[in-house]
Amino acid sequence: MLQKKQRSLDEFYSLFKESSEIESNVSTSPDNFLEEGEEQEEMVVEEAGGELAPANLPPSYLVSAGYDGSRGVVYLKLYEPTSQRIYFWYDNTGHRPYLLTNVPPEELEKLERVVNHPSFDHFEVVEKYDALYDRNIKVTKVVAKDPLAIGGRPRGCLRDIIPEDYPLVFGNSRDVKVWEAAIKYYQCYIYDRALQPGMPYKIENGKLIPYSHDDSEKNIRKIVDEFFRGESSDLLPYLEFWARLLEYPAPKMRRVALDIEVYSPVATRVPDPEEASQPVICASLVGSDGKKRVLLLRRGGVEEGEMDFPSDVSIEFYTSERDLLQSIFNALNDYPFVITFNGDDFDLNYLYHRAKNLGFAKRDVPIERGQKICLLKYGVHIDLYRFFLNRSIQIYAFGQKYRNVTLDEVARALLGRSKIELTKPVSELSYSELARYCLNDAELTY
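Residues in the sequence shown are numbered consecutively from 7, following my numbering.
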């Protein structure tokens, strides 16, 4: 079989490790919400509240990527640590989506549904390494104008047309193979360009260039020479790759931790984020800039309680839930990195669907909902639940200090702190009790 491309930006350093696909952080319509599972393909930088990268940008870290259907190109999110802003850089290399097949061009040209496909561009013969037989082979590269033409639609994709139509023209003379047709296009782009998520790049005259940190490179050379002298030449590039990831300085990330609380008429029932039928009654935002904000929704019959909070905590009351959500969204559009604990399944998921129920236009909602994850139009969402759920993190990094992946147990094991124990349902708490409970969760997450 052909050597596979690595498939997941979510694994962060996945150029040398295959992992599962994730949804692209892109969207189709600026005004209407996508139905669950609908393919996403367009994102407008202005809608994301971001800035286009200038022609010359100082060293910035590659933190995310996606596909902009309106421009028909991949974009990269670059975090510039001095300004603490994310800039959007759009591909200008002419890279196009494609698939590989063992069918030669002269035979593909006789498949009418291929050459007449509205998004078909051209064929190329390329050489690839066959890892199974340890040899180089020639395959056909079928290049398209649109990644959805390769795969992603229920029917009519080139990856389906080629194996379906070949026997109709040539019979069973060939065992038709199609490769690299089930990879998100922006992930394919990252691999083809040998980009390393998490590493610094700079832009010079519009071109994206890897940034070399001189002191780190000296350390890497020293490490390789001292500890891996005599290793095979095949292994050295991998050693340098991992050493570079570990040795390069990490930026100071401007970030915010988010936690929300939702009203529930039934104390024992967790609100369904897909239905999002109940109001968001509290949200806490704890930022790396020292800001601690608690946003509370005014409700009838709720006691004030003792509002004796530290001076660095800002308590904000809202008479309109829509205004409360808008304040949350403003923060999501401001911070480059947003941290949650189970935000993919609940916090951001609930906010996304609640905004839909309240009549927000999609262009005004900074959250993109995939099948299993929540992404942000401007920044990067980090769900710590998924991080701590990773068995390598749980067993090897933290020595099984926690067994159940809950905020309370992880915080007890690693921070020596815990969630606030409640003696009554969240919906029955006074404003001060609710604020303390929600703020504590955000502080633990931070």
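C-beta atoms are modelled at their ideal positions from N, C-alpha and C, and glycine is treated no differently.
From the options, pick the residue whose C-alpha is nearest to that of residue i; which is it?
i	options	result
residue 346	417, 334, 273 and 264	264
residue 296	381, 93, 448 and 393	448
residue 343	363, 385 and 302	385
residue 179	108, 307 and 119	108
residue 327	268, 367, 339 and 96	268
residue 429	445, 321, 194 and 274	274
residue 70	127, 175, 95 and 226	95
residue 79	67, 320 and 195	195
residue 85	66, 258 and 77	66
residue 454	68, 337, 262 and 58	Not covered by the structure: residue 454. The range shown for the chain is 7 to 452.
residue 286	364, 249, 452 and 401	364
residue 461	57, 437, 141 and 370	Shown here, the chain extends from 7 to 452; a query on residue 461 therefore has no answer.
residue 395	411, 383 and 388	411
residue 307	82, 392, 387 and 435	435
residue 90	175, 127 and 259	259
Can you give me the Cβ contacts of residue i inside the same chain, cut-off strictly under 7 Å, excluding the 5 residues immediately before and after it?
i	result
residue 418	424
residue 131	111, 144 and 146
residue 125	150, 151, 152 and 155
residue 452	263, 292 and 345
residue 352	279
residue 361	331 and 371
Quick one: what's residue i bridged to in DSSP?
i	result
residue 324	303
residue 331	Its beta-bridge partners do not exist; DSSP assigns none.
residue 380	375
residue 248	Answer by DSSP bridge pairing: none, since residue 248 is not bridged.
residue 58	94
residue 387	344
residue 206	67
residue 437	Note: residue 437 sits in no beta bridge, so no partner.
residue 298	292 and 319
residue 184	107
Identify, in the order they occur along the chain, each residue of the same chain with its Cβ nearer than 6 Å to the Cβ of residue i, setting aside the five sequence neighbours on each side.
i	result
residue 103	150, 153, 156 and 191
residue 187	105, 156, 157 and 165
residue 443	426
residue 163	157
residue 57	93
Between which two residues does the beta strand (DSSP E) holding residue i run?
i	result
residue 107	104-107
residue 64	63-74
residue 93	91-96
residue 290	286-293
residue 224	Careful: residue 224 lies outside any beta strand (DSSP E), inside the alpha helix (DSSP H) at 220-233.
residue 136	126-136
residue 141	141-150
residue 346	343-346
residue 166	Element bounds for residue 166: not the beta strand (DSSP E) but the alpha helix (DSSP H), 164-176.
residue 216	213-216
residue 80	79-86
Confirm, please, whether the CB-CB distance from residue j to residue i is below 8 Å.
i	j	result
residue 254	residue 222	yes
residue 334	residue 381	no
residue 169	residue 184	yes
residue 210	residue 98	no
residue 279	residue 355	yes
residue 217	residue 203	no
residue 420	residue 407	yes
residue 413	residue 450	yes
residue 305	residue 324	no
residue 249	residue 230	yes
residue 359	residue 289	no
residue 338	residue 372	yes
residue 445	residue 319	yes
residue 181	residue 117	no
residue 138	residue 266	no
Looking only at its chain, what residues have a beta carbon closer than 8 Å to the beta carbon of residue i, apart from the 5 residues adjacent to it on each side?
i	result
residue 271	284 and 433
residue 41	Since pLDDT at residue 41 reaches only 37, below the 50 mark, its modelled position is unreliable, and the value read off the structure follows with that caveat. Hits under 8 Å: none found.
residue 114	107, 120, 121, 129, 146, 148 and 168
residue 60	93 and 209
residue 234	241, 242 and 245
residue 142	133, 134, 135 and 136
For the alpha helix (DSSP H) containing residue i, name the first residue and the last one.
i	result
residue 261	Not the alpha helix (DSSP H): residue 261 falls in the beta strand (DSSP E), residues 261-268.
residue 362	354-363
residue 195	191-198
residue 156	153-156
residue 121	118-121
residue 201	Element bounds for residue 201: n/a, residue is neither H nor E.
residue 254	Premise fails: residue 254 is in no alpha helix (DSSP H) and is neither H nor E.
residue 161	Looking at the DSSP string, residue 161 is not in any alpha helix (DSSP H), and its letter there is neither H nor E.
residue 114	111-114
residue 414	413-420
Can we count residue i as close to the ligand FAD, meaning its CB is less than 7 Å from some heavy atom?
i	result
residue 391	With respect to small molecules bound, the structure shown includes none, and the ligand FAD cannot be examined in it.
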